[in-house]
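Colleague: One structure, pasted below without further comment.
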Amino acid sequence: MRFLRLVFLFAAMFGIGYLFAAIRLFPAAADPTDVAFTEIPDLTGVAIAEAGARLSALGLVSTEQGRLHHGEIPAGAVVAQRPLPGQLARAGDTIVLTASAGLETRRVPDLAGLPGGEAAALLTRLGFDIDIEETDESAVAGAIRTEPVAGTNLTLPARVRLFVSQGKAIVAVPDLQGRHVDDLEFLLEEVDLRLGAVRYQIEAPEVQGRVIFQSPAPGSALRGEGFVSVIVAGAPPDPATADLTRETARDTILATPGGATPGRATPGGATPGDGEG
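The numbering of the sequence shown is numbering that gives the first Met the number 0, which starts it at 0 and goes up by one.
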């Protein structure tokens, strides 16, 4: 009986010693749910320094990262934050703040001569809102100008009006050779072309006042409102201001003795096959 009491006493002392050692050497882990959380405030529009002070008062750490242009939030104020407002954070957590770089300005580029699609795409990439207006100001297709004009600095968001010409239709150059110089403007206007330089060749054998050479040649493709230049046989109406040439015009045929120039006006003023001159 005495032996049993000694055994029980030894067991009790061992248990007490083990419990004491376990408590002192291996304390229980802290309960992860027993932590105070703080709701992150919305700092949008607050100056960076003030935003840092507010977070510090809540036991949070702030750090600034990057800048973004903004049309309403002034430079130096918070424009974005991570984590987002309303989320929970523990004491010591870091809140990343992004500051506003203020308003952004862009210069309107010079787009004259670019294809309309390329000009519009460039304005869009620069951040402009665009309105495209078709115009007939130019015979050549493509961008002509902008409003505001090229070189203007605009604060984004901004709208730019782009004027684009669709260009004139391609037409065939009429055959003016043998025609009288007085009729040329009318003949060219009928196909939306214009009379360019008019030169005179005094020594030409053809009937005076008739076209002996033209450029571009008959049948050539030319955009509407393009110019056709001619050389006219004979003396000009105003020799003092006329453009004279002594060179033989290309693709002309000299008159045959006693006969008419083939394909040209005859000395009598009529062109074969044309009726009255």
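Where is the CB? At the ideal position from N, CA and C, for every residue including glycine.
Small disclaimer: the values here were computed from a predicted structure and weren't measured.
Contact defined as beta carbons within less than 8 angstroms: I believe valine 229 pairs with leucine 183. What is the distance between those atoms, to the nearest angstrom?
Modeller: 7 angstroms
Colleague: For a test of the three-state rule: what should DSSP assign to threonine 123, helix, strand or coil?
Modeller: helix
Colleague: In angstroms, rounded to a whole number, what distance separates the CA positions of proline 217 and glutamine 176?
Modeller: 9 angstroms
Colleague: Which two residues bound the contiguous alpha helix (DSSP H) that contains isoleucine 47?
Modeller: 47-56
Colleague: Near serine 219, which residues of its chain fall below 6 angstroms by C-beta distance, leaving aside the five closest residues on each side in sequence?
Modeller: Val172
Colleague: In three-state DSSP terms, what is alanine 254?
Modeller: Per-residue confidence for alanine 254 stands at a pLDDT of 31, beneath the threshold of 50, marking its modelled position as unreliable; no derived number is given.
Colleague: To which residues of the same chain is glycine 208 closer than 8 angstroms at the C-beta, ignoring the five residues directly before and after it?
Modeller: His179, Val180, Asp181, Val231, Ala232 and Gly233
Colleague: Taking the alpha-carbon positions, what's the glycine 58 to isoleucine 15 distance?
Modeller: 42 angstroms
Colleague: Which stretch, first to last residue, makes up the alpha helix (DSSP H) that contains glutamate 188?
Modeller: For glutamate 188, the enclosing alpha helix (DSSP H) starts and ends at 183-188.
Colleague: Of all Cβ atoms in chain D, is any one closer than 8 angstroms to the Cβ of threonine 93?
Modeller: The question asks about chain D, but that chain is absent: this structure has only one protein chain.
Colleague: Expressed to the nearest angstrom, what Euclidean distance is found between the alpha-carbon atoms of glycine 116 and leucine 155?
Modeller: 22 angstroms
Colleague: Are the region 66-75 and the region 33-41 touching by the rule of at least three beta carbon pairs closer than 8 angstroms?
Modeller: no
Colleague: What does DSSP give as the partner residue(s) for alanine 142 in the beta ladder?
Modeller: Val163
Colleague: Let me know if glutamine 165 comes out buried or exposed under the rule of 16 or more other beta-carbons within 10 Å of its beta-carbon.
Modeller: exposed
Colleague: Out of Pro147, Asn152, Ala168 and Val170, which has the shortest C-alpha to C-alpha gap to valine 159?
Modeller: Comparing Cα positions, the closest option is Pro147.
Colleague: At which residues does the beta strand (DSSP E) containing glycine 195 begin and terminate?
Modeller: Per DSSP, glycine 195 belongs to the beta strand (DSSP E) from 193-200.
Colleague: Among the candidates Ala111, Leu54, Phe212 and Thr151, whose CA atom is the shortest distance from the CA of arginine 89?
Modeller: Leu54
Colleague: For the region 104-119 against the region 134-142, are there 3 or more C-beta pairs whose distance is under 8 angstroms?
Modeller: yes
Colleague: Can you give me the C-alpha to C-alpha distance between glutamate 224 and glutamate 133, rounded to a whole angstrom?
Modeller: 18 angstroms
Colleague: Going by C-alpha to C-alpha distance, which of Ile211, Gln86, Leu113 and Leu125 sits closest to arginine 105?
Modeller: Leu125
Colleague: Compare the Cα-Cα distances from glycine 75 to each of Asp128, Val210, Glu63 and Gly85 and report the closest residue.
Modeller: Considering only alpha carbons, the answer is Glu63.
Colleague: Return the CA-CA distance between alanine 52 and valine 34, expressed in angstroms with no decimal places.
Modeller: 23 angstroms
Colleague: For valine 60 versus aspartate 92, is the C-beta distance shorter than 8 angstroms?
Modeller: yes
Colleague: Which residues in the same chain have their Cβ closer than 8 angstroms to the Cβ of leucine 87, if we skip the five residues on either side of it in sequence?
Modeller: Phe36, Thr37, Glu38 and Ile39
Colleague: Under DSSP, the beta strand (DSSP E) around alanine 232 begins and ends at which residues?
Modeller: 226-232
Colleague: What is the rounded straight-line gap between the Cα of proline 215 and the Cα of alanine 111?
Modeller: 27 angstroms
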